[in-house]
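From first to last, the protein sequence lines stand for chains A and B. Counting with the working numbering, you get residues 135 to 666 for the letters of the first sequence. Counting with the working numbering, you get residues 271 to 993 for the letters of the second sequence. Yeah, the Cβ is synthetic: ideal placement off N, Cα and C, and Gly gets one too.
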Amino acid sequence: MSRVAEHFRRGGAFVWLSATVLAFCLAMILGLVGFIAAKGMGYFWPSPLVQVQTPDGPVLGEITGREPARVEEPAKTQFRVGNRDIYGQDFRWILNAGLSAPEFPTDALLIERLEYGPFIGRIVSLSHNGQQVATGPTALAEAKGRLPETNRVRRRIQSIEKGQVGDLNQKIEKLRLSRRKLEGASDPSALQALDTKVAALQTAYDALQASLEQSRLEAKAWTLGLQTVDGQVRELPLGSVVRMVPANAMGRLDKLGVYLSRLWEFLADDPRESNTEGGIFPAIFGTVMMVLVMSILVVPLGVITALYLREYARQGWLVRAVRVAVNNLAGVPSIVFGVFGLGFFVYTLGGTIDQLFFADSLPTPTYGTGGILWASLTLALLTVPVVVVATEEALGAVPRSQREASLAMGATKWQTLWNIVIPSATPGILTGMILAIARGAGEVAPLMLTGVVKLAPSMPLDSTFPFFHFDRKFMHLGFHVYDVGFQSPNSEAAKPMVFMASFLLLMVVVILNLFALNLRRKLRERLGGSTF
Amino acid sequence: MPSLPANQSRAKRMDRFMAFTISGGGMLIIGAVLAMLLFIMKEAVPLFLPALARSVGTFKAPPSGGAWLDESCKTVVLASRTEGLRALRFPEGTPLAVPTEGPSLPWRTFTAPNPKGEFLVIGADGRLSLARLAWSKPPGENDPAQWTLTPNWQSGVSFETAPDAILHFRILEGGGLGGESTLRLVARTQEGFVWAESPLDATTTIAWKPLPRDPALHPTAAAWSADGRNLFVGTQEGRLLDLDPEAGTLLSSADFGEPIQSLGFALGQSSLLVGGTHGKLGAYQRVRVNEVFQLQAFHDFPRLNGPVLGFQPSQRDKRFLAWTPNEAVVDHLTTERRLFSSQLDGPGLATLAPRGDLILHANDATGALSLWSLDAPHPQVSFGLLWGKTHYEGYEKSEYVWQSTGGTDDFEPKFSLVPLVFGTLKGTLYAMLFAFPLAVLGALYTSQFASPRLRNAIKPTVEIMAALPSVVLGFLAGLVMAPLLERMAVEVLIYPIAVFLLAMLITPFWGRLPQTFRNAFGNGREVLWMFPVLLAGVWLASLAGPWIERVMMGGSYRTWLQSAMGITYDQRNSVVVGFAMGFAVIPIIFTISEDALSSVPKSLTSASLACGASPWQTAWRVVLPTASPGIFSATMVGLGRAIGETMIVLMATGNTPIMDWSPFNGMRTLAANIAVEIPEAPLHGTLYRVLFLAAFLLFIFTFILNTVAELVRQRLRRRYESI
């Protein structure tokens with residue numbers, strides 16, 4: 135007993151207590167990353183379709199959650215039953231009491247389609263222009279064979295809609311603007327020339343619409359006859375089927391195929407159904423573009439500031455104060471930067487640019503509204519302290535002897551900086567840049583004020599002149615997480631997408647940070663020094 | 271002196287050029303970054319600027335008993351008993367054409383037009399007419415000379431006895447489709463104050479009905495309530511009465527303190543403005559106190575000079591005009607700010623433009639029309655409103671309220687920053703309660719007890735934790751943690767206790783293990799042993815939680831909270847926020863504390879150990895106190911992060927600006943409030959500027975916290991060097 139008392143008195147127990155606390159912190163972070171990874175990565179794997187008998191009839195779907203009995207609440211199982219167009223909701227909680235043993239029917243099928251979320255049920259028939267072609271299992275095989283072709287047609291329609299139709303619309307809009315300008319000048323011949331141009335464009339537009347209509351009809355020719363587990367019948371054009379997954383009849387290799395194809399769709403496709411399905415390519419692209427523009431802006435800003443502070447400014451209390459102030463900017467809340475970005479960049483700077491250069495299209499703002507340039511500039515301001523601190527640290531770590539040797543041989547200050555100091559400080563500058571990117575990629579609050587949107591109609595980079603459109607709004611992974619998770623009407627169905635987007639964002643940030651930390655550790659080992 | 275070779279002089283030129291560029295650029299960037307603060311401040315400052323008023327001119331016009339300014343303030347329509355309507359162009363004063371139809375002249379009596387342009391006239395034939403003034407303008411036409419005045423005369427009932435004056439009227443819009451609109455009037459006749467009601471389109475003859483009245487009181491002014499059911503009457507004796515004329519009863523009354531001269535309403539018709547014969551100015555409202563409607567004085571304004579002759583509200587905000595024979599003022603109802611004040615020379619009629627930016631006074635004696643323009647862009651904000659309790663319309667008492675927008679145009683915006691600051695502090699407090707012990711104890715262990723290998727693994731892991739995007743934390747808190755906590759609040763809350771008990775239970779056994787085993791597997795690696803303990807804690811909590819809930823809380827903790835403690839449980843509450851935000855703050859406190867703790871000079875710890883202190887005693891009594899400034903500085907930086915955190919709070923709380931310390935409901939913080947409201951705030955509007963003020967506060971506050979932290983850290987660093 136005395137040993138126990140001694141243990142407490144000498145504090146051995148408290149060492150254990152602090153170890154517990156630390157273990158809890160570590161468990162939290164590892165658990166969090168692991169949880170998101172498991173949730174995100176696991177979602178694309180085809181899960182079995184389970185059929186059970188409930189007192190209210192049969193239910194077929196994927197099992198997405200279980201709640202064990204607890205105090206007064208009975209045990210429940212959550213089924214993703216799909217068929218939002220028929221049932222009104224994708225998910226259903228069912229009490230375990232009164233549930234029959236689960237079955238795994240091999241003809242059960244999950245169809246991912248363009249609208250209303252997935253269909254879960256069985257294929258009854260396949261028709262072509264109303265004529266039944268096949269029924270039962272053959273219908274499924276036949277439909278699977280036809281799917282690539284209809285998907286190609288759908289892609290073509292989409293690309294025409296997005297590409298050519300968009301181009302034409304843009305040209306017509308441009309002509310309309312120049313026409314508006316000419317109307318004041320009252321030059322009939324120029325107006326007439328413009329009108330003929332518009333007419334030509336309109337004809338091209340009509341022709342395009344006609345061919346689109348043709349393709350749409352083609353896409354609608356093949357239809358599937360479907361039946362849900364409780365006997366309701368639906369027709370579905372094959373053209374709006376994305377993927378058919380008879381999960382219970384698939385081997386591991388087939389499932390892997392579906393997994394990869396879903397993953398690819400997620401990474402490379404546009405979102406559907408107000409961002410709750412499809413891919414998040416525009417969000418990935420927007421994030422990357424924004425971060426790129428930001429780093430192009432932030433690196434010179436930060437490096438010049440650090441060079442000035444460390445090499446050119448006369449060291450004294452003023453420079454020390456400025457250094458503290460710049461460092462402390464890193465602690466200013468990001469929303470404050472967002473407010474500044476909105477007030478200064480968007481309204482003041484953007485508004486002025488609009489009045490000077492884009493007066494024709496006013497009152498529709500061009501730069502006087504959020505856009506990728508303003509968002510990047512705001513984030514560049516936000517991350518400048520990171521680059522300044524890292525660069526200063528690296529500049530300070532360059533040995534004095536090297537500079538003095540260079541100066542002694544008659545090199546000017548700039549020559550010494552350019553040839554001796556900056557090269558050895560490059561890893562430090564790089565570290566700063568990577569940390570800035572990692573910080574910038576994860577910020578959402580300032581972007582919400584300066585140009586991020588839930589669904590951007592066009593990308594900031596495309597094939598129309600001048601290729602990079604600084605004024606366009608963009609999508610962002612972090613905002614995607616916020617928007618789909620919290621603003622979407624069907625957030626339960628969107629949850630896997632949010633997990634996946636979170637996972638992607640997390641990976642980007644964690645990998646960048648690991649990289650930067652590693653670089654910095656190596657640098658410190660080489661040069662010595664400490665943060666404190 | 272020999273000239274330098276070409277390449278050397280080029281190098282010199284380059285050197286000078288770069289020195290100039292970098293110095294200039296550096297200073298520019300630093301200046302620009304610091305100018306951020308100035309810009310944010312500049313956007314917020316106009317909130318506190320005084321209103322600007324100036325006289326725009328005076329011109330002659332015949333005396334009149336009523337004036338109406340149109341929305342654009344380009345015309346004024348004057349009404350007089352003998353000449354009917356006349357219109358003048360502003361600000362030149364040239365007459366405009368006016369249609370001649372209308373009640374026969376001279377009018378017996380009429381009311382001054384209200385801001386909508388509605389007024390009543392009793393013509394020479396004794397018939398009542400209602401006019402609704404409007405200008406019909408050709409599309410896009412800005413020249414008043416091209417406009418036509420349409421009075422939209424509508425003739426109505428006649429009275430059995432003609433009144434001396436109509437005091438106030440209200441049109442009650444008919445309910446539903448085809449419902450008949452009715453007109454309620456209150457007038458002064460030989461017999462005293464009377465009232466009447468008639469359908470708007472009736473042309474019969476009607477009789478006046480007497481008001482319920484106490485013979486000791488002598489009415490001097492009367493006005494209908496917004497719904498036309500109640501009649502407010504002011505008396506000679508300084509009583510303000512709330513009557514139900516239909517039932518003939520007195521509902522409530524209040525004491526004004528001096529004889530009442532006139533009554534009026536602010537925008538929204540729910541705040542009754544009362545003016546006394548000696549210049550007293552106050553506002554009353556009918557408000558439900560303890561289930562009973564009462565008349566309540568809720569605003570006082572600075573006293574005027576002379577009897578208050580009338581009121582005119584603005585149609586944009588809660589400002590109103592009041593005037594006496596000696597002065598005219600514009601006050602704001604909510605903030606009680608005096609926006610405008612000007613001397614007058616004699617009784618007359620004053621009116622305020624619908625936008626509240628132009629004041630007109632027609633002097634009865636001289637016929638001079640004087641005009642002032644008033645530029646008061648943000649009258650609804652004052653220092654007292656932002657930081658103090660304010661009595662808002664419809665509220666029983668003064669309160670701190672944030673509610674920036676409402677459903678109707680006559681909504682009274684409520685801009686108290688106190689609930690937001692409170693929410694910020696509450697969120698920060700819960701986050702720090704969670705983060706501070708964890709981070710400091712964790713840092714202490716890492717710096718003092720962990721083996722070097724373990725330490726090299728822990729530090730980068732925690733640094734990664736610092737870099738986790740807050741939107742991901744917010745998402746997990748809002749969509750995973752909050753539902754989990756709602757289902758298993760008891761388990762989650764007893765989990766720390768379970769783990770603590772388990773840890774305390776196993777430690778004595780550890781001491782009994784052989785020294786060699788302890789050295790080989792334990793010391794410096796205790797953390798690894800604790801992971802199974804954490805798991806065991808989960809198991810223990812999941813066993814104990816339901817038991818506690820069943821036995822001690824009667825089956826449901828939510829009902830128990832509600833009945834035993836009177837606390838309602840929100841799904842997204844402060845515990846969730848504290849957890850998620852604490853998660854974001856832990857690595858910050860951890861890293862800085864760990865640096866401070868591990869930089870404590872070796873000589874100190876060696877001395878302590880050599881004197882026989884155990885490692886824990888050394889850590890607790892020597893290392894921790896020495897490094898305490900570092901831990902303080904770490905806490906300051908962590909506080910700064912928690913105060914400004916936006917996404918986590920936005921996603922993990924319901925964002926309701928309530929003031930309640932309960933851990934089971936939410937809050938709205940300054941930062942989240944900016945994110946929620948600024949996208950809808952009109953540029954340079956009051957809300958926009960108030961949000962900039964909030965951003966300015968956040969900036970200053972975090973900047974100060976970080977600067978203090980930095981200074982403390984620098985001092986500590988010097989102290990370490992000197993030891």
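Between the segment 905–914 of chain B and the segment 923–932 of chain B, the count of Cβ pairs shorter than 8 angstroms is below three; the stretches do not touch. One thing to note: ALA904/B has its Cβ no nearer than 8 angstroms to the Cβ of ILE974/B.
The three-state reading of DSSP puts SER863/B in helix, counting H, G and I together.
Assignment of ILE530/B by DSSP, reduced to helix, strand and coil, places it in the strand class.
A distance of 8 angstroms or more separates the beta carbons of ILE928/B and ALA747/B. In this structure, PRO202/A keeps its C-beta atom at 8 angstroms or more from the C-beta atom of THR916/B. The beta-carbon of SER668/B is placed no less than 8 angstroms from the nearest beta-carbon of chain A. Using a C-beta cut-off of 8 angstroms, the segment 939–946 of chain B makes contact with the segment 693–703 of chain B, since at least three inter-stretch Cβ pairs fall below that distance.
For ARG290/A, same chain residues with a beta-carbon under 8 angstroms away, outside a window of 5 residues either side, are SER349 in chain order. Put simply, the segment 415–433 of chain B touches the segment 394–402 of chain B. At least three CB pairs are less than 8 angstroms apart. When C-beta distances to chain A are compared with 7 angstroms, the residues of the segment 814–839 of chain B below that value are PRO816, GLU819, ARG820, GLY825, SER826, in chain order.
In chain order, THR546, GLN549 make up the part of chain A whose C-beta sits under 7 angstroms from the C-beta of ALA281/B. PHE253/A is a Cβ neighbour of LEU360/A, given a cutoff of 8 angstroms. When secondary structure is reduced to three states using DSSP, HIS954/B falls in the coil class, being assigned neither helix nor strand. Excluding five sequence positions before and after ALA466/B, the CB atoms of its chain that fall closer than 7 angstroms to its own CB belong to LEU455, ILE476, TRP478, LYS479, given in chain order.
A contact between stretches requires three or more CB pairs, one per stretch, nearer than 8 angstroms, and the segment 601–610 of chain B fails this requirement with the segment 704–714 of chain B. One alpha carbon belongs to LEU986/B, the other to VAL870/B, and they sit about 10 angstroms apart. Counting only Cβ-Cβ distances below 8 angstroms, LEU476/A has contacts in chain B at ILE948, in chain order.
In the DSSP assignment, ASP596/A falls outside any alpha helix (DSSP H) and carries neither an H nor an E.
When the five nearest sequence neighbours on each side are left out, the beta carbons in the same chain lying within less than 6 angstroms of the beta carbon of PHE178/A are those of TYR393, ARG396, LEU397, in order along the chain.
Around the beta-carbon of PHE238/A, fewer than 16 other beta-carbon atoms lie within 10 Å, marking it exposed. A check of alpha carbon separations from GLN266/A across ARG280/A, GLY222/A, LEU358/A identifies LEU358/A as the nearest.
For the pair PHE745/B and VAL632/A, the CB atoms are nearer than the 8 angstroms cut-off.
The residue from PHE535/B, TYR715/B, SER374/B with its alpha-carbon nearest to that of ALA147/A is TYR715/B. Below the 9 angstroms Cβ cutoff, chain A contributes no neighbours of GLN582/B, its closest Cβ being approximately 33 angstroms away. Annotation for PRO380/A: LEU243 place their beta carbon closer than 6 angstroms to its own, counting only its chain and skipping 5 residues before and after. Rounded to whole angstroms, the gap between the alpha carbons of GLY612/A and SER279/B is 53 angstroms. When the beta-carbon positions are compared, ALA964/B and ASN943/B come within less than 8 angstroms of each other. When only Cα atoms are considered, ILE767/B and PHE966/B end up about 41 angstroms apart. By alpha-carbon distance to SER636/A, the top candidate from VAL186/A, GLU206/A, TYR616/A, VAL258/A is TYR616/A. For GLY538/B, no chain A residue has a C-beta closer than 7 angstroms to its own C-beta; the minimum C-beta separation is roughly 31 angstroms.
Judged by beta-carbon spacing, GLY825/B lies within the 8 angstroms limit of VAL205/A, meaning their Cβ atoms are closer than that value. Of all residues in the segment 606–624 of chain A, only GLY612, VAL615, TYR616, GLY619, PHE620 come within less than 7 angstroms of chain B when Cβ atoms are compared, listed by chain position. The Cβ atoms of TRP494/B and LEU487/B lie no closer than 8 angstroms to each other. Excluding five sequence positions before and after SER374/A, the CB atoms of its chain that fall closer than 6 angstroms to its own CB belong to ARG247, LEU248, given in chain order. Within chain B, not a single residue places a beta-carbon under 9 angstroms from that of GLU411/A; the smallest gap is close to 18 angstroms.
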